[in-house]
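Inspection log for the structure reproduced underneath, given as structure tokens.
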Amino acid sequence: MTVERDEFGFDAPAPLGHPGRLGLPEGHATGPEIGDVLPDFALPDAAGDLVRLDEDRAGARAVVVFFRSAVW
Amino acid sequence: MAAGVKLYAISYDDREALAEFREKQDIPYPLLSDVDSATIRRYGILNDRIRPGDALLHGIPYPGVFVCDEDGVVISKFFHDTYKKRDSPERLLDAALGRVVLDGSGPRAEGGDDEVRVTAAVRGGTGTIRQGIIRELVVRFELAAGLHVYGEPVPEGMVPVQVDVQGPPGLVVEAPVLPPTKPHRLPEMDLTLPVWSGTVDVRVPFYPTGELASETRPLDRASATLSVTVRYQACDDRTCLLPRTETFTLELPLDVVDVPRLSIHTGHGQREGQYDALPHARRLLRRKRRRAPLGFLRFLVKQARLERAARRRARIADQAG
């Protein structure tokens with residue numbers, strides 16, 4: 104695919120306007136805010152074991168990263 | 007993650023893809039599989055600009071990070087206007103710990119004297135830089151007991167702490183992040199001034215764009231030079247030391263980026279990735295296409311139109327250049 108540079112100055116191997124390049128619109132909500140309690144979740148890890156946020160962190164501080172994909 | 011902080015990374019990939027990625031990239035923390043994007047939706051961060059049928063993309067989040075304290079309360083979060091900007095892991099760890107850890111792994115320079123020690127250091131990635139990854143240049147002041155330096159505003163003639171960071175074209179430097187000041191009362195002058203004492207960290211976030219460190223072509227330089235100018239004046243309750251201006255120069259190596267072995271990246275990256283992503287991409291595409299076959303056809307037409315427009319722009323740029 105064609106490499107193009109976007110308005111932020113970043114290069115990616117997809118044309119401008121491609122759905123994969125669409126970023127967060129200005130003013131769009133971004134989930135829980137500072138001061139909110141992080142919603143608990145239960146998701147399988149890479150080995151298939153269910154991980155529950157609150158149970159697994161067991162009172163520790165946590166960093167929860169939502170990323171796009173490990174595949175592409 | 008270090009220091010008792012737990013780290014979880016969530017994506018819409020299936021377990022098989024995550025298992026191989028985790029093994030090949032040697033990732034120590036859990037990768038969690040949100041195949042139907044239910045958690046992504048519940049958090050309210052589904053990328054709603056992507057339509058069902060848009061290749062294998064539907065279901066991804068607006069990428070971002072939440073940091074919570076011991077009670078699960080969000081104390082910090084990181085979202086950006088473009089997915090290309092990403093916070094370095096060290097930045098996230100510092101946010102979780104509520105302090106800057108300078109571990110000596112990156113480039114650093116030292117100045118000042120016995121009364122005020124000044125350190126300029128790059129936090130994260132052993133000081134390397136890559137497109138869109140936000141690291142921090144940290145200026146640490148270590149003040150002898152009784153001394154303080156000033157925040158803003160101060161009356162004319164006094165010197166507040168100033169940190170200026172300059173880099174080559176393509177290096178974006180954000181505004182310095184300053185810790186909160188404490189009010190300091192000077193009764194004989196009837197003044198209350200904002201000051202810092204003890205150890206003070208001024209953090210300056212920065213990242214390279216494609217002009218300096220594109221990830222779609224080989225790097226054309228090995229490193230970039232950061233010039234850091236620091237101005238400050240330290241005082242105790244009676245007297246002030248002379249204002250000082252110091253300049254530090256730090257050399258930051260450019261990081262070579264791994265790309266997944268996938269046709270869209272072939273020939274664009276700097277180093278072929280550790281694993282073959284094609285079987286996982288095929289599975290993902292099948293899963294997505296099955297749910298929106300008509301949307302997928304619409305996507306193919308749209309993609310062809312976008313590609314033509316991109317090639318047209320490239321031709322015009324070639325002729326102009």
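In order, the protein sequences belong to chains A and B.
With the working numbering applied, the first sequence covers 104 to 175.
With the working numbering applied, the second sequence covers 7 to 327.
Backbone N, C-alpha and C define an ideal beta-carbon position, used for all residues, glycine too.
Just so you know, these numbers come straight off a predicted model, no measurement behind them.
For a Cβ distance threshold of 7 Å, residue set G216 of chain B lies close to A/R108, ordered along the chain. Look at the beta carbons and you see the stretch 70-88 of chain B not touching the stretch 220-235 of chain B: under three pairs across the two are nearer than 8 Å. At a cut-off of 8 Å between C-beta atoms, B/I322 does not count as an interface residue with respect to chain A. Under the 10 Å beta carbon count, B/V73 is surrounded by 16 or more other beta carbons and is classified as buried. Chain-order list of chain B residues neighbouring A/R171: S17, I66, P67, P69, Y89, by C-beta distance under 8 Å.
Taken through DSSP and simplified to helix, strand or coil, B/T132 comes out as helix. Shown here for B/V145: same chain residues with a beta carbon closer than 6 Å to its own, the five before and five after excluded, namely A126, V169, V208, V236 in chain order.
By the rule that beta-carbons nearer than 8 Å mark a contact, B/R48 touches chain A. In the structure shown, B/P285 adopts helical secondary structure according to DSSP, grouped into three states. Taking B/L98 as reference, the option from B/R141, B/G301, B/D242, B/R296 with the minimal CA-CA separation is B/R141. Proximity of the stretch 112-119 of chain A to the stretch 41-55 of chain B falls short of the contact definition, fewer than three beta-carbon pairs being nearer than 8 Å.
The beta-carbon separation of B/I139 and B/R92, rounded to 5 Å, stays under the 8 Å limit for a contact. Here the alpha carbon of A/D159 sits roughly 10 Å from the alpha carbon of A/A145. Looking only at B/L38, B/Q31, B/F212, the smallest Cα-Cα distance to B/Q137 is reached by B/F212. Here B/R297 is exposed: its Cβ has fewer than 16 other Cβ atoms, across all protein chains shown, within 10 Å.
Listed along chain A is no residue with a C-beta nearer than 9 Å to that of B/F212; the closest approach is about 13 Å. Only D75, E76, D77, G78, V79, V80, I81, S82, K83, F85, H86, D87, T88 from the stretch 75-88 of chain B bring a Cβ to less than 8 Å from some Cβ of chain A. The Cβ atoms of B/T134 and B/D261 sit closer than 8 Å to each other. Contact check for B/P113 against B/L258 passes: the beta carbons are separated by less than 8 Å. When DSSP states are grouped into helix, strand and coil, B/I16 belongs to the strand group. Bridge pairing for B/R141: B/F212 [DSSP]. The Cβ atoms of B/L38 and A/P147 lie closer than 8 Å to each other.
Contact residues of the stretch 50-61 of chain B toward chain A are G50, I51, N53, R55, I56, R57, D60, A61 (C-beta to C-beta distance below 8 Å). Shown here for B/L184: same chain residues with a beta carbon closer than 7 Å to its own, the five before and five after excluded, namely G157, V208 in chain order. Residue pairing of B/E148 in beta bridges, as defined by DSSP: B/R123, B/T205. Taking 8 Å as the cut-off, the Cβ atoms of A/L127 and B/Y238 do not count as close.
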